[in-house]
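2 protein chains.
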Amino acid sequence: MVRIIVDCLGGDHGAAANVAGAVAAMKKYDDLNVIFTGDAHAVRAELEKCGFSDMARVEIVHAPEEITGEDKPTDAIRLKRESSMIKGIKILREDESVHGMVSTGATGALVAAATLRIGRIKNVRRPAFCPILPTMSGGIVGVTDSGANMTVNTDMLLQFAIMGSEYLKGAFGIDKPRVALLNVGVETEKGDDLRKAAYPLFSECEYINFAGNMESRDLLSGKYDLVVCDGFSGNVLIKSTEGACVEMLKMLKRDIYSKAKYKIGATFMKSMFAKEKEFMNYQNYGGSVLLGTEKIIVKGHGSSKAVAVEKCVEQAYRMQSSGLNGRIESVLSEIYGE
Amino acid sequence: MVRIIVDCLGGDHGAAANVAGAVAAMKKYDDLNVIFTGDAHAVRAELEKCGFSDMARVEIVHAPEEITGEDKPTDAIRLKRESSMIKGIKILREDESVHGMVSTGATGALVAAATLRIGRIKNVRRPAFCPILPTMSGGIVGVTDSGANMTVNTDMLLQFAIMGSEYLKGAFGIDKPRVALLNVGVETEKGDDLRKAAYPLFSECEYINFAGNMESRDLLSGKYDLVVCDGFSGNVLIKSTEGACVEMLKMLKRDIYSKAKYKIGATFMKSMFAKEKEFMNYQNYGGSVLLGTEKIIVKGHGSSKAVAVEKCVEQAYRMQSSGLNGRIESVLSEIYGE
Numbered sequence: 004m005v006r007i008i009v010d011c012l013g014g015d016h017g018a019a020a021n022v023a024g025a026v027a028a029m030k031k032y033d034d035l036n037v038i039f040t041g042d043a044h045a046v047r048a049e050l051e052k053c054g055f056s057d058m059a060r061v062e063i064v065h066a067p068e069e070i071t072g073e074d075k076p077t078d079a080i081r082l083k084r085e086s087s088m089i090k091g092i093k094i095l096r097e098d099e100s101v102h103g104m105v106s107t108g109a110t111g112a113l114v115a116a117a118t119l120r121i122g123r124i125k126n127v128r129r130p131a132f133c134p135i136l137p138t139m140s141g142g143i144v145g146v147t148d149s150g151a152n153m154t155v156n157t158d159m160l161l162q163f164a165i166m167g168s169e170y171l172k173g174a175f176g177i178d179k180p181r182v183a184l185l186n187v188g189v190e191t192e193k194g195d196d197l198r199k200a201a202y203p204l205f206s207e208c209e210y211i212n213f214a215g216n217m218e219s220r221d222l223l224s225g226k227y228d229l230v231v232c233d234g235f236s237g238n239v240l241i242k243s244t245e246g247a248c249v250e251m252l253k254m255l256k257r258d259i260y261s262k263a264k265y266k267i268g269a270t271f272m273k274s275m276f277a278k279e280k281e282f283m284n285y286q287n288y289g290g291s292v293l294l295g296t297e298k299i300i301v302k303g304h305g306s307s308k309a310v311a312v313e314k315c316v317e318q319a320y321r322m323q324s325s326g327l328n329g330r331i332e333s334v335l336s337e338i339y340g341e
Numbered sequence: 004m005v006r007i008i009v010d011c012l013g014g015d016h017g018a019a020a021n022v023a024g025a026v027a028a029m030k031k032y033d034d035l036n037v038i039f040t041g042d043a044h045a046v047r048a049e050l051e052k053c054g055f056s057d058m059a060r061v062e063i064v065h066a067p068e069e070i071t072g073e074d075k076p077t078d079a080i081r082l083k084r085e086s087s088m089i090k091g092i093k094i095l096r097e098d099e100s101v102h103g104m105v106s107t108g109a110t111g112a113l114v115a116a117a118t119l120r121i122g123r124i125k126n127v128r129r130p131a132f133c134p135i136l137p138t139m140s141g142g143i144v145g146v147t148d149s150g151a152n153m154t155v156n157t158d159m160l161l162q163f164a165i166m167g168s169e170y171l172k173g174a175f176g177i178d179k180p181r182v183a184l185l186n187v188g189v190e191t192e193k194g195d196d197l198r199k200a201a202y203p204l205f206s207e208c209e210y211i212n213f214a215g216n217m218e219s220r221d222l223l224s225g226k227y228d229l230v231v232c233d234g235f236s237g238n239v240l241i242k243s244t245e246g247a248c249v250e251m252l253k254m255l256k257r258d259i260y261s262k263a264k265y266k267i268g269a270t271f272m273k274s275m276f277a278k279e280k281e282f283m284n285y286q287n288y289g290g291s292v293l294l295g296t297e298k299i300i301v302k303g304h305g306s307s308k309a310v311a312v313e314k315c316v317e318q319a320y321r322m323q324s325s326g327l328n329g330r331i332e333s334v335l336s337e338i339y340g341e
């Protein structure tokens, strides 16, 4: 039995997207139960809309207060105890039988609450975000850290590599994830002092399959399964890649509408453009998991619809059922000798 | 009279691209003279091919040795004195009547030679690269530093902002360049300690038009004229943006060829795709200028063809004729009071 909390407030689509997404995941996995935190009335109404009646598998915790991007993270934790997010974190912390939480709410508050209220896995220096992107060769690539830690050291980078590798093995069945270190060039000697010092550590580590430095242009190439970076440059990497893809699609659309013959041509290619738009739609790839906390945390994009929430809940389910945290703990204790 | 050195070795297309590009620029600007360094025989042959005979405007310095990406930068300077690049730098250093140099050769060696052999403008802490990218609204955006300085402090970041602003004013006629600080979010408090400390300095500086923090996804949006960053994240920003655009175009092409009806549709859109490909072609936007050195240095991409070299020579010409370095010096001495 896997028990996951779903925070029904904070995202753009409230209980509707969160309940529908969680229900879809429950239909897929018989041993998945969900605890909803949010406006109990709204949650019940959405469950009814979905035609979900197996009430033994759900629990509803009334917490109608919402944390927004405007709330200062530490204030949110202290002052908004009745919010869906903080109540969820409290249950996660106190109830041993609850395994994880999915939230599309404010990132800052979630990271703060998770790191302050939920413990870290033994030996983990810092939890790190690891979102998943599609590659052009049809696979996926994880990026860790993508924004939880602005400043890191080599030890943290190596831990990100280990945690990310275990995640890709456990949740996506990738046998020996090819790990790259984000850098300004592929040569061994490239980069700042941090990268230069990290390179030999990565090379020597027997717990990862190190494939060398990666230039950011190769993120979508399919050559790597996991890219390791500090949270600042990881954030730049992901958002610029997404931004460029979005701007390209916008340009295509604008250009197609600029001439009659382009519009005619585009009618032949409707299904192609639809497929490409779908391919670039982050909703299909779930959320950004936080690696290294004792309990599972998955952060969905604020604009997540039901399909994205479903993927987030699935990610949490697979992290738990694959025994991810236990494996991270065991690898780290082999390294640190305790 | 503006005198620019053009290094004819080091890029993928040798004397052919470099001579043709320089000749095209000379045809545009009557008061532009060029000194070619490289294999004198090859340079002469290429000049003849271009039908250029105004030999009073060119000088050829025989330097047939080439610096490659394999050469360690400091070794290249010391051991390859007869190379086209190092001979060029020597002339630039010693001859007061020579204003700048364009090279498509190895970046590391060029940066090392420029910073070690050519002085910095008074008060400049560190020279910084500033490439130019096209925006989706039809304009351009500069990014500085894009890779010359892996580790920077707030003072350097502010200088990058000032030098980049003056460059965009002088060489591109942008009246009040909107300057953004690359960060992980737009809010004032975002980022690492460096960005947090830089923000108020940028806000208070009267020599730049500060528009706040920028998320990397907005690089191509047209909202900003200049993005300021450390060389590591700037490099990640540019290469991931370019990489994503290239991968998108590849995907489009692959998908079009996957079905007969897509191929038919694409025949209607040929001119559109050609325009878009041209738009994304960095060859049309010249090179990456090094801001802050006493003499002008423009680094062209290794794969530069004649059109790209032409743009690089033009950039060098406009930097010189707009009096850029004098203006940078005067702004900095107002700030530092000397």
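For the record, the sequence lines run as chains P and F. 4 is the number of the first residue of the first sequence in this note's numbering; add one for each residue after it. 4 is the number of the first residue of the second sequence in this note's numbering; add one for each residue after it. Beta carbons: idealized from backbone N, C-alpha and C, even for Gly.
Query	Result
DSSP beta-bridge partners of A309/P	Per DSSP, none; premise fails for A309/P.
Straight-line gap, Q286/P to A309/P (C-alpha atoms, nearest Å)	9 Å
Cutoff 7 Å; reference T110/P; Cβ partners in own chain excluding five residues on either side	K302
Alpha-carbon spacing of T296/P relative to F213/F, whole angstroms	39 Å
Within 9 Å of chain P by C-beta, residues of the region 251-272 of chain F in sequence order	M251, L252, K253, M254, L255, R257, D258, I259, S261, K262, K264, Y265, K266, I267, G268, A269, T270, F271 and M272
Under 8 Å from the C-beta of T154/P: neighbouring residues of chain F	D195 and D196
Own chain partners of F163/F with C-beta closer than 6 Å, once the 5 adjacent residues on each side are dropped	A131, T147, D148 and V231
Three-way DSSP call (helix, strand, coil) for F282/F in this model	helix
is_contact[L223/F, chain P] using C-beta, thresh 7 Å	yes
C-beta neighbour in chain F for V187/P, strict 7 Å	yes
Any C-beta of chain P under 7 Å from that of R220/F	yes
DSSP three-state assignment for K302/F, whether helix, strand or coil	strand
Nearest-angstrom Cα separation, counted from M29/F out to D178/F	27 Å
Secondary structure of V155/F, DSSP reduced to three states	coil
According to DSSP, residues forming a beta bridge with V316/F	DSSP lists no partner for V316/F.
Validate contact between the region 218-229 of chain P and the region 110-127 of chain P using beta carbons, cut 8 Å, 3 pairs	no
Pairwise C-alpha distance: T154/P and D196/F	8 Å
Per DSSP, the bridge partner or partners of M104/P	I8/P and I300/P
Own chain partners of L136/P with C-beta closer than 6 Å, once the 5 adjacent residues on each side are dropped	V144
Interface flag, K242/F vs chain P, CB-CB below 7 Å	yes
Cβ-based neighbour list, L175/F, same chain, cut-off 7 Å, excluding 5 preceding and 5 following	First, the amino acid is wrong: residue 175/F is Phe here, not Leu. Counting only Cβ-Cβ distances below 7 Å, and skipping sequence neighbours, we find I143.
Cβ neighbours of G305/F in the same chain (closer than 7 Å, five flanking residues each side left out)	G14, D15 and T107
Residue-level contact to chain F via CB, G111/P, 7 Å cutoff	no
Cross-chain neighbours of S236/P in chain F, by beta carbon under 8 Å	F235, S236 and V239
Pairwise C-alpha distance: M58/F and V185/F	According to the sequence as given, residue 185/F is Leu; it is not Val. Going from the Cα of L185/F to the Cα of M58/F covers about 47 Å.
6 Å CB neighbourhood of G91/F in its chain, flanking five on each side removed	I8, D10, T40 and M104
Chain F contact residues for G17/P, given Cβ-Cβ distances below 9 Å	Result: empty, since nearest Cβ-Cβ is about 23 Å, beyond 9 Å.
Delimiting residues of the beta strand (DSSP E) encompassing T71/F	Segment: none, T71/F is in no beta strand (DSSP E) and carries neither H nor E.
8 Å contact criterion, which N156/P and A183/P should meet: CB distance rounded	Actually they do not touch by this definition, with Cβ atoms about 19 Å apart.
Short CB-CB distance (under 7 Å) between G150/F and chain P	yes
Helix, strand or coil at R84/F [DSSP, three-state]	coil
Runs of beta strand (DSSP E) wholly within the region 162-226 of chain P (minimum 3 residues, chain order)	181-185 and 212-217
Helix, strand or coil at F235/P according to DSSP, with G and I counted as helix	helix
8 Å contact criterion, which G290/F and R220/P should meet: CB distance rounded	Between R220/P and G290/F the Cβ distance is about 18 Å, and since that is not below 8 Å, they are no contact.
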